[in-house]
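Enquirer:
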Amino acid sequence: MEGTENKKTKLSFGDSLGQFSYSNGRKRKIETQDLKVEKVKHEEEQQEVSPPSLPSPKRSKNKGYAPPEKYAHLKPLKPLLKPGLRCVFIGFNPGTTTALKGHYYAHHSNAFWKMIYQSGCVDRKVTYEDDQNLPDEYRIGFTDLVERPTSGISELSVQEMNESVPSLEHRIATNGPHMICIIGKGIWETIYKTKNKRPLPKGFKLGYQENTEFGGCNNVFVLPSTSGLVAGIPQKEKIRLWNEVGNFLNTHFPLNQLYTETSTTN
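When we follow full-length UniProt numbering, the leftmost residue of the sequence shown carries the number 1, and every step to the right adds one.
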(Lines of atoms letter the chains of each structure in order from A and count residues from 1; the text may use other names and numbers.)
(Lines give C-alpha, C1' and ligand atoms only; values in the text may rest on other atoms or scores of the structure.)
Protein backbone atom coordinates (compact mmCIF):
# COMPACT_ATOMS: atom_id res chain seq x y z
CA MET A 1 0.00 0.00 0.00
CA GLU A 2 1.12 3.41 -0.79
CA GLY A 3 1.37 5.83 2.19
CA THR A 4 -0.88 8.47 0.81
CA GLU A 5 -1.08 10.21 4.16
CA ASN A 6 2.68 10.73 4.41
CA LYS A 7 3.09 11.65 0.85
CA LYS A 8 3.95 15.33 0.35
CA THR A 9 2.03 17.25 -2.21
CA LYS A 10 4.31 18.58 -4.90
CA LEU A 11 3.71 22.15 -6.08
CA SER A 12 4.28 23.33 -9.58
CA PHE A 13 6.90 26.03 -10.24
CA GLY A 14 4.15 28.59 -10.93
CA ASP A 15 2.38 27.79 -7.66
CA SER A 16 5.62 28.08 -5.71
CA LEU A 17 6.44 31.42 -7.28
CA GLY A 18 2.97 32.77 -6.52
CA GLN A 19 3.18 31.64 -2.94
CA PHE A 20 6.63 33.23 -2.57
CA SER A 21 5.42 36.53 -4.09
CA TYR A 22 2.39 36.56 -1.81
CA SER A 23 4.53 35.88 1.24
CA ASN A 24 7.10 38.57 0.35
CA GLY A 25 4.44 41.12 -0.54
CA ARG A 26 2.63 40.51 2.71
CA LYS A 27 5.93 40.87 4.59
CA ARG A 28 6.77 44.17 2.83
CA LYS A 29 3.27 45.46 3.52
CA ILE A 30 3.64 44.71 7.21
CA GLU A 31 7.08 46.37 7.29
CA THR A 32 5.70 49.47 5.57
CA GLN A 33 2.87 49.69 8.08
CA ASP A 34 5.36 49.34 10.94
CA LEU A 35 7.47 52.17 9.50
CA LYS A 36 4.42 54.41 9.25
CA VAL A 37 3.52 53.70 12.87
CA GLU A 38 7.09 54.51 13.96
CA LYS A 39 7.04 57.73 11.94
CA VAL A 40 3.77 58.86 13.55
CA LYS A 41 5.16 58.10 16.99
CA HIS A 42 8.34 60.06 16.23
CA GLU A 43 6.35 63.09 15.02
CA GLU A 44 4.18 62.99 18.14
CA GLU A 45 7.29 62.89 20.33
CA GLN A 46 8.81 65.84 18.44
CA GLN A 47 5.64 67.87 18.92
CA GLU A 48 5.84 67.29 22.66
CA VAL A 49 9.46 68.41 23.04
CA SER A 50 9.77 71.07 20.28
CA PRO A 51 8.92 74.70 21.15
CA PRO A 52 6.06 76.28 19.24
CA SER A 53 7.17 77.97 16.03
CA LEU A 54 7.35 81.75 16.16
CA PRO A 55 5.52 83.85 13.56
CA SER A 56 7.77 85.26 10.85
CA PRO A 57 8.65 88.94 11.40
CA LYS A 58 6.62 91.38 9.38
CA ARG A 59 8.34 93.97 7.27
CA SER A 60 7.89 97.48 8.52
CA LYS A 61 5.73 99.66 6.31
CA ASN A 62 6.52 103.22 5.43
CA LYS A 63 4.57 105.63 7.58
CA GLY A 64 2.07 107.87 5.91
CA TYR A 65 1.28 111.52 6.48
CA ALA A 66 1.05 112.59 10.13
CA PRO A 67 -0.88 115.77 10.95
CA PRO A 68 0.90 118.43 13.06
CA GLU A 69 -1.14 117.60 16.16
CA LYS A 70 0.48 114.13 16.35
CA TYR A 71 3.79 115.70 17.35
CA ALA A 72 2.44 118.90 18.88
CA HIS A 73 4.23 118.03 22.13
CA LEU A 74 7.61 118.36 20.36
CA LYS A 75 9.15 121.77 19.85
CA PRO A 76 10.70 122.73 16.48
CA LEU A 77 14.41 123.47 16.48
CA LYS A 78 15.44 127.08 16.46
CA PRO A 79 17.46 127.98 13.32
CA LEU A 80 21.08 128.58 14.31
CA LEU A 81 21.77 131.44 11.95
CA LYS A 82 23.40 134.86 11.98
CA PRO A 83 24.84 137.17 9.30
CA GLY A 84 28.23 136.37 7.80
CA LEU A 85 28.36 132.63 8.34
CA ARG A 86 30.88 130.70 6.27
CA CYS A 87 28.47 127.82 5.68
CA VAL A 88 24.92 126.81 6.58
CA PHE A 89 23.91 123.14 6.66
CA ILE A 90 20.29 122.51 5.67
CA GLY A 91 18.39 119.39 6.73
CA PHE A 92 14.91 118.11 5.84
CA ASN A 93 13.15 118.43 9.21
CA PRO A 94 13.84 117.44 12.82
CA GLY A 95 13.32 113.81 13.75
CA THR A 96 11.59 112.98 17.02
CA THR A 97 14.87 112.19 18.80
CA THR A 98 16.41 115.42 17.56
CA ALA A 99 13.37 117.39 18.72
CA LEU A 100 13.34 115.74 22.15
CA LYS A 101 17.03 116.51 22.69
CA GLY A 102 16.74 119.99 21.21
CA HIS A 103 19.82 119.65 19.00
CA TYR A 104 20.44 119.12 15.29
CA TYR A 105 21.21 115.61 14.00
CA ALA A 106 20.91 114.14 17.51
CA HIS A 107 19.97 110.54 16.64
CA HIS A 108 22.77 108.11 17.50
CA SER A 109 22.73 106.56 14.03
CA ASN A 110 23.13 109.88 12.21
CA ALA A 111 26.64 110.28 10.78
CA PHE A 112 26.54 114.08 10.44
CA TRP A 113 28.84 114.96 13.34
CA LYS A 114 31.34 112.30 12.35
CA MET A 115 31.45 113.55 8.76
CA ILE A 116 31.71 117.26 9.58
CA TYR A 117 34.86 116.52 11.61
CA GLN A 118 36.47 113.99 9.26
CA SER A 119 35.98 116.32 6.29
CA GLY A 120 37.87 119.13 8.03
CA CYS A 121 34.93 121.51 8.28
CA VAL A 122 35.80 121.70 11.99
CA ASP A 123 39.18 120.92 13.57
CA ARG A 124 37.95 119.07 16.64
CA LYS A 125 35.49 116.26 17.33
CA VAL A 126 32.02 117.62 17.91
CA THR A 127 28.62 116.15 18.81
CA TYR A 128 25.03 117.33 18.60
CA GLU A 129 25.53 119.11 21.93
CA ASP A 130 27.99 121.49 20.21
CA ASP A 131 25.53 122.72 17.55
CA GLN A 132 24.70 125.99 19.33
CA ASN A 133 28.40 126.84 19.68
CA LEU A 134 29.33 126.37 16.03
CA PRO A 135 27.93 129.67 14.68
CA ASP A 136 30.36 131.58 16.91
CA GLU A 137 33.23 129.10 17.02
CA TYR A 138 33.38 128.09 13.35
CA ARG A 139 30.83 130.41 11.76
CA ILE A 140 28.79 127.39 10.71
CA GLY A 141 25.00 127.48 11.00
CA PHE A 142 22.02 125.13 10.82
CA THR A 143 18.44 125.18 9.67
CA ASP A 144 15.84 122.86 8.07
CA LEU A 145 13.50 122.96 5.11
CA VAL A 146 10.46 122.06 7.26
CA GLU A 147 10.54 123.15 10.88
CA ARG A 148 7.99 120.78 12.45
CA PRO A 149 9.29 117.44 13.83
CA THR A 150 8.16 114.02 12.60
CA SER A 151 9.55 110.51 12.91
CA GLY A 152 10.32 110.49 9.17
CA ILE A 153 9.95 112.58 6.04
CA SER A 154 7.16 110.29 4.83
CA GLU A 155 4.99 111.92 7.50
CA LEU A 156 5.32 115.29 5.77
CA SER A 157 2.98 116.26 2.95
CA VAL A 158 4.30 117.33 -0.43
CA GLN A 159 2.32 120.55 -0.07
CA GLU A 160 3.97 121.60 3.20
CA MET A 161 7.42 120.75 1.82
CA ASN A 162 6.79 122.93 -1.22
CA GLU A 163 5.32 125.72 0.88
CA SER A 164 8.40 125.68 3.13
CA VAL A 165 10.78 126.62 0.30
CA PRO A 166 10.07 130.41 0.31
CA SER A 167 10.53 130.57 4.08
CA LEU A 168 13.86 128.73 3.87
CA GLU A 169 15.02 130.94 1.04
CA HIS A 170 14.12 134.03 3.08
CA ARG A 171 16.18 132.79 6.04
CA ILE A 172 19.17 132.25 3.77
CA ALA A 173 18.78 135.61 2.04
CA THR A 174 18.43 137.44 5.36
CA ASN A 175 21.62 135.99 6.85
CA GLY A 176 23.72 135.82 3.67
CA PRO A 177 25.96 132.77 4.24
CA HIS A 178 28.88 132.35 1.84
CA MET A 179 27.97 128.76 1.04
CA ILE A 180 25.15 126.36 1.82
CA CYS A 181 25.28 122.60 2.09
CA ILE A 182 22.03 120.70 1.66
CA ILE A 183 22.01 117.36 3.49
CA GLY A 184 19.71 115.22 1.37
CA LYS A 185 18.98 115.07 -2.35
CA GLY A 186 15.24 115.12 -1.63
CA ILE A 187 15.55 118.62 -0.16
CA TRP A 188 17.14 119.96 -3.32
CA GLU A 189 14.56 118.16 -5.47
CA THR A 190 11.82 120.02 -3.59
CA ILE A 191 13.62 123.36 -3.87
CA TYR A 192 14.43 122.92 -7.56
CA LYS A 193 10.92 121.83 -8.54
CA THR A 194 9.30 124.63 -6.56
CA LYS A 195 11.50 127.34 -8.05
CA ASN A 196 11.79 126.02 -11.62
CA LYS A 197 8.38 124.38 -12.03
CA ARG A 198 9.97 121.21 -13.36
CA PRO A 199 11.64 118.11 -11.88
CA LEU A 200 15.35 117.83 -11.24
CA PRO A 201 17.19 116.83 -14.45
CA LYS A 202 17.97 113.12 -14.85
CA GLY A 203 21.68 113.82 -15.13
CA PHE A 204 21.82 115.49 -11.72
CA LYS A 205 24.97 114.81 -9.68
CA LEU A 206 25.62 115.31 -5.99
CA GLY A 207 28.30 117.75 -4.89
CA TYR A 208 28.94 121.33 -5.97
CA GLN A 209 26.16 122.77 -8.14
CA GLU A 210 27.58 124.88 -10.97
CA ASN A 211 25.76 128.08 -11.92
CA THR A 212 23.26 127.67 -9.11
CA GLU A 213 21.84 130.21 -6.67
CA PHE A 214 19.54 129.96 -3.68
CA GLY A 215 18.62 132.79 -1.36
CA GLY A 216 21.34 134.97 -2.91
CA CYS A 217 24.02 132.36 -2.19
CA ASN A 218 25.94 131.20 -5.27
CA ASN A 219 27.87 128.37 -3.61
CA VAL A 220 25.52 125.43 -3.25
CA PHE A 221 26.46 121.86 -2.34
CA VAL A 222 24.05 118.92 -2.26
CA LEU A 223 25.11 115.87 -0.26
CA PRO A 224 23.35 112.58 0.54
CA SER A 225 21.43 112.38 3.78
CA THR A 226 23.48 111.38 6.83
CA SER A 227 20.54 109.57 8.42
CA GLY A 228 21.18 105.98 9.41
CA LEU A 229 17.94 105.01 7.67
CA VAL A 230 19.24 106.07 4.27
CA ALA A 231 21.41 103.68 2.26
CA GLY A 232 22.33 103.20 -1.40
CA ILE A 233 25.43 105.38 -1.71
CA PRO A 234 28.82 103.77 -0.97
CA GLN A 235 30.62 105.11 2.08
CA LYS A 236 33.66 105.88 -0.07
CA GLU A 237 31.56 108.22 -2.22
CA LYS A 238 30.06 109.92 0.84
CA ILE A 239 33.54 110.60 2.19
CA ARG A 240 34.65 112.01 -1.17
CA LEU A 241 31.71 114.41 -1.29
CA TRP A 242 32.22 115.57 2.28
CA ASN A 243 35.94 116.12 1.65
CA GLU A 244 34.96 118.28 -1.31
CA VAL A 245 32.86 120.43 1.04
CA GLY A 246 35.64 120.70 3.63
CA ASN A 247 38.28 121.62 1.04
CA PHE A 248 36.03 124.23 -0.57
CA LEU A 249 35.10 125.78 2.76
CA ASN A 250 38.66 126.05 4.06
CA THR A 251 40.11 127.20 0.72
CA HIS A 252 37.58 129.89 -0.18
CA PHE A 253 36.31 130.88 3.26
CA PRO A 254 39.03 130.18 5.85
CA LEU A 255 38.05 130.65 9.45
CA ASN A 256 40.58 133.38 10.19
CA GLN A 257 39.29 135.67 7.45
CA LEU A 258 36.51 138.23 7.79
CA TYR A 259 33.93 138.80 5.04
CA THR A 260 31.88 141.90 4.53
CA GLU A 261 30.10 140.86 1.35
CA THR A 262 28.71 137.57 0.09
CA SER A 263 31.49 135.86 -1.86
CA THR A 264 31.07 133.69 -4.91
CA THR A 265 33.32 131.44 -6.92
CA ASN A 266 31.15 131.52 -10.06
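Note that CB positions come from ideal geometry on N, CA and C, so glycine has one too.
Nothing here was measured: the structure is a model prediction, and the numbers come from that model.
Give the secondary structure of L100 by DSSP, where H, G and I count as helix, E and B as strand, and everything else as coil.
Expert: helix
Enquirer: Give me the DSSP bridge partner(s) of residue 335.
Expert: Limits of the chain in this structure are 1 at one end and 266 at the other, which puts residue 335 out of reach.
Enquirer: Within 10 angstroms of the Cβ of D144, are there 16 or more other Cβ atoms? Answer buried if so, exposed if not.
Expert: buried
Enquirer: Rounded to the nearest angstrom, what separates K101 and L77 at their Cα positions?
Expert: If you draw a straight line from the Cα of K101 to the Cα of L77, it is about 10 Å long.
Enquirer: Across which residues does DSSP place I140 in a beta bridge pair?
Expert: C87
Enquirer: With DSSP as the reference, identify every bridge partner of C217, one or two as the case may be.
Expert: F214
Enquirer: Could you give the first and the last residue of the continuous alpha helix (DSSP H) run that contains P166?
Expert: V158 to N175
Enquirer: My output table needs one value for Y208: the three-state DSSP class, helix, strand or coil.
Expert: strand
Enquirer: Compute the distance between the beta-carbons of G216 and I172, then report whether it is under 8 Å.
Expert: yes
Enquirer: Just the C-alpha distance for residue 268 and M115, rounded to the nearest angstrom, thanks.
Expert: No information on residue 268 is available, as it lies outside the stretch 1 to 266 that the chain covers here.
Enquirer: Within its chain, find whatever has a CB closer than 8 Å to the CB of K193; leave out the 5 residues flanking it on each side and keep chain order.
Expert: Cβ within range, chain order: N162, P199 and L200.
Enquirer: Considering only their Cβ atoms, is the gap separating F92 from I180 smaller than 8 Å?
Expert: no
Enquirer: What are the boundary residues of the alpha helix (DSSP H) that F248 is part of?
Expert: Q235 to H252
Enquirer: With Y117 as the anchor, note down where its alpha helix (DSSP H) starts and where it stops.
Expert: F112 to Q118
Enquirer: With H, G and I counted as helix, E and B as strand and the rest as coil, what does DSSP make of S151?
Expert: S151 falls in the coil class under three-state DSSP.
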